[in-house]
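Residues in the sequence shown are numbered consecutively from 1209, following this note's numbering.
Cβ coordinates follow ideal geometry from the N, Cα and C atoms, glycine included.
Structure record follows, encoded as C-alpha cells.
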Amino acid sequence: LQNERIKSEVINTTTIEAKIDLSNIKQSDVCYSKSFRCTYNDTTLDAKDIHVGRPPAPIEFQRNFKCFLFGLSEQYCEFTPLSNCDKAAEYRLFTKGILFNASCDLEKKNGTYFYSSNTTSCYFPASDNVTLILEAVNSIGSRTMYFTVNHDFVKLRGVSGTTLADITSDRAVIRNNESNLKYVERSFEYEFMLISKYDTRPTDSTESNSSVFDYPIHNLNPFTEYKLGVRLRVIPRSVRLLDEEYWSGWSWTSFKTEARKPDVAPRTIPGAFSFKDHKGDRATLEVFWEPLQESQWNGPGFRYN
C-alpha cells in the first residue's frame, strides 16, 4: 500500500521504491512517521516503518544551554530542546575527563532538562575550564555538542561575608570577605542598597579585583536604623549572555548609627513671637518656630528648651 502523498514505483519482484522531495516543503508536511504494509490477498508480505524528519537541532550555549557554578561547590546546568519535527530525542550529558568522560544524571521537568553536581555522580573538578559533552539522538540521526564552562559563570545564591565596622553617627564601613570566591580568579561587581525609615538611597555600585575589601558609606543620618542590601556578580573575561541572571540574590543586614547633638536649631522668622503677659520686669512671650523633622533629632530624648 502506498501513501496518497508519496508516489511509488515497482522496481522488481522484491522491491517497491517510494521517493519524496524535502526541498521547499513546510516542516509540518515532512516531519512524521508512517508504517507501510505490503499485502497480497489480505496477507501481509512485509511491513516497514518510515521516519521522515531531521536530526536533533543544535543547542546554543548560553541561550539554550545555561550553566551556573554556585560558589565552586555546585555546578548546575539546564537546557530546553528546540522542536525537531516532533521527533522524540534522547539526551546524555558528560563531563570530559583526562582518562574518561563521566556521565551526568539528567532530570526532566516541564520540557526542560537539568542536572546538578550535588545529586549526580558526574565529575565536577571546579577548575576554571570544564568541558561538557551533550549527545542528542533521535530516530533520524544524532548530534554531539561541546560546551566549555569557566569561572565567568560563577554565581552566588546569596552574599554571606558582609559585616559593618567603624560605625559613627554619619558613616560606616562595609567589610566584604566572601570566602566562597577565594579561588575565583576574576574581578567582582558589588551593589549596595541602603533603606531607612526616612528614605531609600540610590543603589551604589563598585568593582573590586578581590572579594576581600572595604567600602565606606557616608552622609548617614545619626541615630537611625538602616537595612543594608548587598549583591554581587563575577565580571566575565569573555562575552556572557543573559548577564542579569548572574547576580547573586540580595542579602540583608541591619545596623544603627550613633547619636549626636542636633546639627541645626529650629528655624524662626524675625518677629514670630507675641506678648502674652507683662508684670514688672517679667514678660511672658509666645514664640513660634518651625519644628525639626524627626530625621534631624539625631538622638533620643529630643526636646525644645
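TODO: Out of Pro1410, Ser1395 and Thr1492, state which residue places its alpha-carbon closest to the alpha-carbon of Ser1551.
DONE: Since the first and last residues shown for the chain are 1209 and 1513, residue 1551 lies out of range.
Task: The beta strand (DSSP E) enclosing Trp1460, as first and last residue numbers - done: Ser1459 to Lys1464
TODO: Check whether the Cβ atoms of Leu1436 and Ser1456 lie closer than 7 Å to each other.
DONE: no
- [ ] Grab me the residues of Ile1219's own chain with a C-beta within less than 6 Å of its C-beta, minus the 5 sequence neighbours each way, in chain order.
- [x] Glu1225
Task: 6 Å CB neighbourhood of Trp1497 in its chain, flanking five on each side removed - done: Pro1474 and Thr1476
Task: Simplified DSSP state of His1486, which is helix, strand or coil - done: strand
Open item on the list: Glu1397 and Ile1443 - do their beta-carbons sit closer together than 7 Å?
Closed with: yes
Open item on the list: Taking 8 Å as the cut-off, does the stretch 1368 to 1382 touch the stretch 1262 to 1274 (at least 3 CB pairs, one atom from each stretch)?
Closed with: no
Open item on the list: Below 8 Å on the Cβ atoms is my contact criterion, and I expect Ser1503 with Glu1494 to pass it. Report the Cβ-Cβ distance as a whole number of Å.
Closed with: Not confirmed; about 27 Å, so no contact.
Task: Inter-residue Cα distance where the pair is Gly1488 and Pro1424 - done: 59 Å
Task: Cβ contact (3+ pairs, closer than 8 Å) linking the stretch 1409 to 1429 and the stretch 1337 to 1350 - done: no
TODO: Grab me the residues of Ser1413's own chain with a C-beta within less than 8 Å of its C-beta, minus the 5 sequence neighbours each way, in chain order.
DONE: Glu1397, Tyr1398, Glu1399 and Phe1400
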